[in-house]
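Be aware that the sequence shown starts at 1, since it is given in full-length UniProt numbering, and climbs by one per residue.
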Amino acid sequence: MKEPLIWSNLFIRKKIELILFTVSALFRITIKRKAPFLD
């Protein structure tokens, strides 16, 4: 019965991916605000 562990690991990984995506998006927005010439 290792299915729940696999599902929870997948869920945690997706959560981490979502958090990283959000952080990188916010980081990009702040960089564009501070230095628009970099883009």
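For glycine and all other residues, C-beta sits at the position ideal for the given N, C-alpha and C.
Using the C-alpha atoms, what's the distance from Ala35 back to Lys14? Position 14 of the sequence shown, counted from the start, is the residue given in the question as residue 14. Position 35 of the sequence shown, counted from the start, is the residue given in the question as residue 35. One C-alpha to the other measures close to 31 Å.
Using the Cα positions of Ile31 and Leu18, report the straight-line distance between them to the nearest angstrom. Residue 31 sits at position 31 when you count from the first residue of the sequence shown. Residue 18 sits at position 18 when you count from the first residue of the sequence shown. Looking at the two C-alpha atoms, the distance is approximately 20 Å.
To the nearest angstrom, report how far apart Pro4 and Leu20 are at their CA atoms. By one-based count along the sequence shown, residue 4 stands at place 4. By one-based count along the sequence shown, residue 20 stands at place 20. Looking at the two C-alpha atoms, the distance is approximately 24 Å.
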